[in-house]
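Take a look at the structure below.
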Amino acid sequence: MRVRLVGIYGAALVIGTWVAAPLLLIALAAFTPRNILYEWPRPLWPRAFSLDTMLFFLRSTGVWASTLNSVVVAGLTIGLAFLIAAPTGYALARYRFRGKGAVQLSILVVKMFPATVLSIPLAVAFIRWGLYDTLIGVAIVHTALSIPFVTVIVTSVFVGISYELEEAAMTLGSNRLRAFLRVTLPMAVPGLAAAAIFTFVLSWNEVFAATILTLDHRTLPALIVDSVISAGAPLHFRFAGGFFMVMPAVVIIFLIRRYLLTLWGVTVR
Amino acid sequence: MAIADAEALTGVTRARVNWTPYLLVLPTLAFLSVFFIYPMAQAISLAVTDPPTGALTWAHFRRMSSDLYFGQAVRFTLIITAIAVPLQVALGLAIALLVNTRFRGHTVFLYLTALPIGISDLAAGMIWLSILTERGYLNAALQRLGLIEQPVVFLTLERPEWLLAAIILTELWRATAIVMVILLAGLQLIPKDYAETAAVFGAGRWQTARHVILPLLRPSLQTALIIRTILAFQLFATVVTLAGRQIPVLAGETYFWYSLYRSPSVASAYAVLILLLSASITWIYLYVLAPKAGEVRL
Chain A
7 MRVRLVGIYG
17 AALVIGTWVA
27 APLLLIALAA
37 FTPRNILYEW
47 PRPLWPRAFS
57 LDTMLFFLRS
67 TGVWASTLNS
77 VVVAGLTIGL
87 AFLIAAPTGY
97 ALARYRFRGK
107 GAVQLSILVV
117 KMFPATVLSI
127 PLAVAFIRWG
137 LYDTLIGVAI
147 VHTALSIPFV
157 TVIVTSVFVG
167 ISYELEEAAM
177 TLGSNRLRAF
187 LRVTLPMAVP
197 GLAAAAIFTF
207 VLSWNEVFAA
217 TILTLDHRTL
227 PALIVDSVIS
237 AGAPLHFRFA
247 GGFFMVMPAV
257 VIIFLIRRYL
267 LTLWGVTVR
Chain B
78 MAIADAEALT
88 GVTRARVNWT
98 PYLLVLPTLA
108 FLSVFFIYPM
118 AQAISLAVTD
128 PPTGALTWAH
138 FRRMSSDLYF
148 GQAVRFTLII
158 TAIAVPLQVA
168 LGLAIALLVN
178 TRFRGHTVFL
188 YLTALPIGIS
198 DLAAGMIWLS
208 ILTERGYLNA
218 ALQRLGLIEQ
228 PVVFLTLERP
238 EWLLAAIILT
248 ELWRATAIVM
258 VILLAGLQLI
268 PKDYAETAAV
278 FGAGRWQTAR
288 HVILPLLRPS
298 LQTALIIRTI
308 LAFQLFATVV
318 TLAGRQIPVL
328 AGETYFWYSL
338 YRSPSVASAY
348 AVLILLLSAS
358 ITWIYLYVLA
368 PKAGEVRL
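In the order they appear, the protein sequences are chains A and B.
Taking our numbering, I'd label the letters of the first sequence as residues 7 to 275.
Taking our numbering, I'd label the letters of the second sequence as residues 78 to 375.
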């Protein structure tokens with residue numbers, strides 16, 4: 007028994023270090039003065055910390071504008087995805103209807119669909135529709151990608167809230183809408199918030215479609231990819247950019263930790 | 078709850094069709110047809126038609142396959158996938174089994190190992206670049222240990238196998254988390270009595286894992302394999318940050334043909350190729366690796 011415990015904790019320690027160490031190192035790099043980053047012998051622990059590297063990144067042309075673009079795109083994506091997918095999630099939780107299995111299967115297929123394939127034809131179509139190089143265009147693609155995730159979380163949230171409570175409110179004189187708004191919805195808020203937060207990460211992190219679909223109105227990942235490919239951005243820009251992009255993830259995964267298994271748990275059977 | 082609730086909710090008799098759920102589902106289906114089915118059809122049509130005349134042609138596929146980067150892109154994409162995905166599944170399974178022992182502190186461990194789910198391929202590329210670049214942490218550590226005097230250049234075309242290793246390492250670090258979460262969700266669906274029964278009948282821990290848990294975990298393993306393989310075919314930002322175009326990959330070539338050579342048609346040909354590869358690998362996983370008749374499905 008003791009051998010087994012040592013094995014478990016040993017393995018957890020090794021794997022935990024493997025995941026955590028690179029995150030700590032990029033944070034370290036982001037706050038290491040530029041000249042030390044290029045020194046040899048390179049010290050493992052910098053002699054001094056400075057905001058110099060981060061400020062260089064944040065003051066680079068386009069970084070603020072594209073960060074703002076990223077946030078706007080993520081906001082639009084959350085709005086669109088909820089408008090479109092939340093009713094579906096509710097229907098899948100509360101009703102039994104012919105074709106339900108087909109709807110669930112098509113949502114699962116969408117989750118597995120190679121998104122790269124969408125970007126090129128949509129770019130061509132968006133030029134015709136006047137959506138090319140617009141934030142709403144990018145948000146539309148991100149919405150398509152996030153619909154499966156929003157649907158599964160919303161479904162699991164409403165499955166978890168007993169319909170009998172809604173009924174009880176109705177016997178006490180509420181109408182159906184009021185019962186939903188006053189009884190069910192408040193209980194659903196944490197789960198719905200998790201879905202919104204995950205949608206934010208998905209959009210914030212998406213690189214390929216954003217790169218293809220924008221030109222002047224870059225999102226942050228699109229700007230960084232572009233500066234790496236066509237401008238050969240210096241290393242300290244890349245480290246600071248990497249750290250800046252990772253930061254929200256650490257907080258966000260913590261906030262939605264309860265729903266991680268729901269997000270990915272549905273399988274092909 | 079479903080039947081009783083549905084009736085309670087609708088207040089109609091069983092004989093009439095209730096349209097409410099269909100109305101609720103409609104926006105999703107409409108949106109997905111416009112932004113999934115239409116572009117998919119459009120990608121195929123772009124790839125096989127001549128832009129001005131609209132006539133059918135194989136010219137874009139010929140142009141794609143005669144390009145110098147094409148053979149390499151196919152080869153590198155398949156190599157990276159074939160090495161990275163099995164490693165991700167193995168490590169993901171190990172982590173999921175570890176979490177499932179519910180040792181003290183397993184929730185913190187789960188959160189930590191799930192963290193990379195929120196990290197983009199682009200950021201992961203930057204993170205590992207800070208480790209593997211010439212003046213990076215790996216060289217700094219090797220020098221501190223006295224193993225090297227001068228920095229080793231890991232990320233160079235002169236050593237393509239090191240470039241590949243760097244990409245695979247980064248993908249292993251970043252994408253194992255998704256596999257782990259899928260498998261953990263699957264593990265938690267398996268009733269505890271199964272393992273207990275196996276133990277009662279004298280099965281050891283290893284035998285239980287091999288003959289009871291793994292077969293029951295097959296649907297989750299299948300899903301994890303499909304999702305990871307399809308995502309590996311789309312590998313882009315990790316490669317761009319670590320290797321540029323020195324290691325060409327399919328999604329990268331799609332990008333270059335669209336943005337650099339301004340040819341949506343050849344880019345679409347690449348997109349269609351990725352689509353075909355993804356569809357065939359899904360088919361293989363679902364039907365070739367399907368459980369044989371008589372096997373238990375949970």
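Where a beta carbon is used, it is the ideal one built from N, C-alpha and C, also for glycine.
Below 8 angstroms between beta carbons is the criterion; list the residues of the segment 184–198 of chain A that meet it against any residue of chain B, in chain order. none
Give a yes or no on whether the minimum CB-CB distance between Pro325(B) and chain A is below 8 angstroms. no
Run through chain A and tell me which residues come within less than 8 angstroms of Val229(B), C-beta to C-beta. In chain order: nothing, as chain A lies at least about 12 angstroms away.
Where His288(B) falls, given that 16 or more other Cβ within 10 Å makes a residue buried: exposed
According to the neighbour-count rule (16 or more other Cβ atoms, all chains shown, within 10 Å of its Cβ), is Val89(B) buried or exposed? Only weak support exists for where Val89(B) lies, its pLDDT of 47 falling under 50; the coordinates are left without a value.
So, is Phe278(B) buried or exposed, given that buried needs 16 or more other C-beta atoms within 10 angstroms? exposed
So what does Thr126(B) bridge to, in DSSP terms? Leu133(B)
Which of the three DSSP states, helix, strand or coil, is assigned to Glu45(A)? coil
Under 8 angstroms (Cβ pairs) to chain B, residues found in the segment 44–68 of chain A: Tyr44, Glu45, Trp46, Pro47, Arg48, Pro49 and Leu50
Reduced DSSP category for His288(B) - H, G, I as helix; E, B as strand; rest coil: helix
Rounded to whole angstroms, what is the Cα-Cα separation between Leu86(A) and Arg102(A)? 25 angstroms
When the Cβ atoms of the segment 232–241 of chain B are set against those of the segment 310–328 of chain B, are three or more pairs found closer than 8 angstroms? yes
Under DSSP, the alpha helix (DSSP H) around Tyr99(B) begins and ends at which residues? Thr97 to Leu109
Along chain B, which residues have their Cβ under 7 angstroms away from the Cβ of Trp270(A)? Ile255, Val258, Ile259 and Ala262
Examine the Cβ distances between the segment 76–86 of chain A and the segment 123–136 of chain A and report whether three or more of them are shorter than 8 angstroms. no
Roughly how many whole angstroms lie between the Cα atoms of Gly263(B) and Ile113(A)? 19 angstroms
Looking at the secondary structure, which residues open and close the alpha helix (DSSP H) in which Gln165(B) lies? Leu145 to Asn177
Measure the alpha-carbon distance for Phe249(A) versus Met176(A) and round it to whole angstroms. 51 angstroms
In or out: Ala150(B) buried (at least 16 other Cβ within 10 Å) or exposed? buried
Residue from Val365(B), Ile196(B) and Arg339(B) with nearest C-alpha to Pro128(B): Arg339(B)
Measure the beta-carbon distance from Ile157(B) to Leu293(B) and round it to whole angstroms, keeping in mind my assumption that it falls under 8 angstroms. With 8 angstroms as the limit, Ile157(B) and Leu293(B) do not qualify as a contact, their Cβ atoms being about 30 angstroms apart.
Check this for me: beta carbons of Ile172(B) and Ile21(A), under 8 angstroms apart or not? yes
Looking at C-alpha atoms only, which residue of Tyr347(B), Val230(B) and Thr247(B) is the closest neighbour of Trp3(A)? For residue 3(A) there is no data in the structure shown, the boundaries of chain A being 7 and 275.
Classify Val373(B): buried if its beta carbon has 16 or more other beta carbons within 10 angstroms, exposed otherwise. In this prediction, Val373(B) has a pLDDT of 49, which is less than 50 and means its spatial position is unreliable; nothing more can be read from the coordinates.
In whole angstroms, what separates the C-alpha of Asp58(A) from that of Asn41(A)? 10 angstroms
Alpha-carbon spacing of Arg3(A) relative to Phe333(B), whole angstroms: Because chain A spans 7 through 275 in this model, residue 3(A) falls outside it and cannot be assessed.
Decide if Leu261(A) is buried, meaning its Cβ has at least 16 other Cβ atoms within 10 Å, or exposed. exposed
Does DSSP put Thr210(B) in a helix, a strand or coil? coil
Among Pro98(B), Leu103(B), Gly281(B) and Val349(B), whose alpha-carbon lies nearest the alpha-carbon of Arg100(A)? Pro98(B)
Mind pulling the chain B residues with CB within less than 9 angstroms of Ile218(A)? Thr331, Tyr332, Tyr335, Ser336 and Ala344
Kindly list, in the order they appear in chain A, the residues whose Cβ is closer than 9 angstroms to that of Thr318(B). Ile230, Val231, Val234, Arg244 and Gly248
Residues in its own chain within less than 6 angstroms of Leu43(A) by CB, not counting five upstream and five downstream? His242
As assigned by DSSP and simplified to three states, the class of Thr253(B): helix
Buried or exposed: Ile304(B), going by 16 or more other Cβ atoms within 10 Å of its Cβ? buried
Taking 8 angstroms as the cut-off, decide whether the C-beta atoms of Thr306(B) and Ile245(B) are in contact. no
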